[in-house]
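**Q**
Protein chains: 2
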Amino acid sequence: MTAAMQLTNVLKTLADPTRRAVFERIIREGEIAATGLVQGSKVSQPAVSQHLRALRDAGLVAERREGRHIHYRVAPKGLGPLIDWLGHYETFWAERFANLEKLLKESE
Amino acid sequence: MTAAMQLTNVLKTLADPTRRAVFERIIREGEIAATGLVQGSKVSQPAVSQHLRALRDAGLVAERREGRHIHYRVAPKGLGPLIDWLGHYETFWAERFANLEKLLKESE
DNA sequence: ACAATATATAAGCAATTACTTATACGATTG
DNA sequence: CAATCGTATAAGTAATTGCTTATATATTGT
Numbered sequence: 009m010t011a012a013m014q015l016t017n018v019l020k021t022l023a024d025p026t027r028r029a030v031f032e033r034i035i036r037e038g039e040i041a042a043t044g045l046v047q048g049s050k051v052s053q054p055a056v057s058q059h060l061r062a063l064r065d066a067g068l069v070a071e072r073r074e075g076r077h078i079h080y081r082v083a084p085k086g087l088g089p090l091i092d093w094l095g096h097y098e099t100f101w102a103e104r105f106a107n108l109e110k111l112l113k114e115s116e
Numbered sequence: 009m010t011a012a013m014q015l016t017n018v019l020k021t022l023a024d025p026t027r028r029a030v031f032e033r034i035i036r037e038g039e040i041a042a043t044g045l046v047q048g049s050k051v052s053q054p055a056v057s058q059h060l061r062a063l064r065d066a067g068l069v070a071e072r073r074e075g076r077h078i079h080y081r082v083a084p085k086g087l088g089p090l091i092d093w094l095g096h097y098e099t100f101w102a103e104r105f106a107n108l109e110k111l112l113k114e115s116e
């Protein structure tokens, strides 16, 4: 899988508002089971499950099974392709990007 | 238009590889006419034109008419919604990275 | 005015997407 | 074991997408 394909996957995955909302909720909660995500969601349990699969396939979340529950959490490297891509065009938006690149370097 | 909607537009627009390639070419060239973009593209002139419209509608490029030619250039603020969104979770990433660092140190 | 060039729009179509309901799987409890 | 809970998958569908060819709309030059 090329870097471009990974970036495409990340962008496509985050482009859907419902799915992005799930992702943002996982970010806020730190770790949360699928049931918790279904509660307070506008869509059905299967829809949430499908979004979770898409997020996992894109490398954006990781899961941890605990009995019947599966707890989802953010995969810190998941946004890597996106941040890397932005970094290539840093000169166009250098001032706003400075902080993000600093964070990326610190995470390595 | 809410910030979330603008972000959705930016992500959707960049998620298509062909359209993103057009955007990246505009970045590299600085300013380039639609004809130049069609040359060296895998898709037809109308396809390029449609991609340019999508990029413009998403606020990612601006245009300047010069006679028959329309020159496209990057709109510097176009990626704002994306940068802002990433920055919004900056604290989270920082904490995550800090935890990761802490874990690495503890495992030594 | 006419022809040529640059770009945009229209119409149609196959592929993809995001959802639904129904069902299956997996783990726990009684 | 059976019942139940948490989650995933299957199947179907309406809407969207990205492309094509054909045509329209500028703009310029002869």
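Sequence order for the protein chains is L and G. The end of the first sequence is residue 116 by our numbering, with every number in the run present. The end of the second sequence is residue 116 by our numbering, with every number in the run present. The beta-carbon is built from N, C-alpha and C at its ideal position, and this holds for glycine as well.
Can you check whether the CB of L/Tyr80 is closer than 8 Å to the CB of L/Ile34?
**A** yes
**Q** Taking the C-alpha atoms as reference points, what is the distance between L/Gly48 and L/Arg27?
**A** 13 Å
**Q** Mind checking if G/Tyr97 is an interface residue toward chain L, Cβ cutoff 8 Å exclusive?
**A** yes
**Q** Looking only at DSSP bridge pairs, what is G/Ala41 linked to?
**A** G/His79
**Q** Does the pairing of the segment 53 to 68 of chain L with the segment 46 to 61 of chain G give three or more beta-carbon distances under 8 Å?
**A** no
**Q** Is L/Ala70 helix, strand or coil by DSSP?
**A** strand
**Q** Alpha helix (DSSP H) containing L/Leu84: first to last residue?
**A** The residue you asked about is not Leu; residue 84 of chain L is Pro in the sequence shown. Counted as a single uninterrupted DSSP element, the stretch harbouring L/Pro84 is not any alpha helix (DSSP H), since DSSP gives it neither H nor E.
**Q** Once DSSP output is grouped into helix, strand and coil, what is the label at G/Val51?
**A** coil
**Q** Between G/Glu116 and chain L, is there a C-beta pair that is closer than 8 Å?
**A** Only weak support exists for where G/Glu116 lies, its pLDDT of 38 falling under 50; the coordinates are left without a value.
**Q** Which whole-angstrom value describes the C-beta separation of G/Thr21 and G/Ala62, a residue pair presumed to lie in contact below a C-beta threshold of 8 Å?
**A** 5 Å
**Q** Against chain G, does L/Ala23 count as a neighbour if the rule is that its beta carbon must be under 8 Å from one of theirs?
**A** yes
**Q** Would you list, in chain order, the members of the segment 34 to 61 of chain G that have their beta-carbon closer than 8 Å to a beta-carbon of chain L?
**A** If the cut-off is 8 Å between Cβ atoms, the segment 34 to 61 of chain G has Ile35 near chain L.
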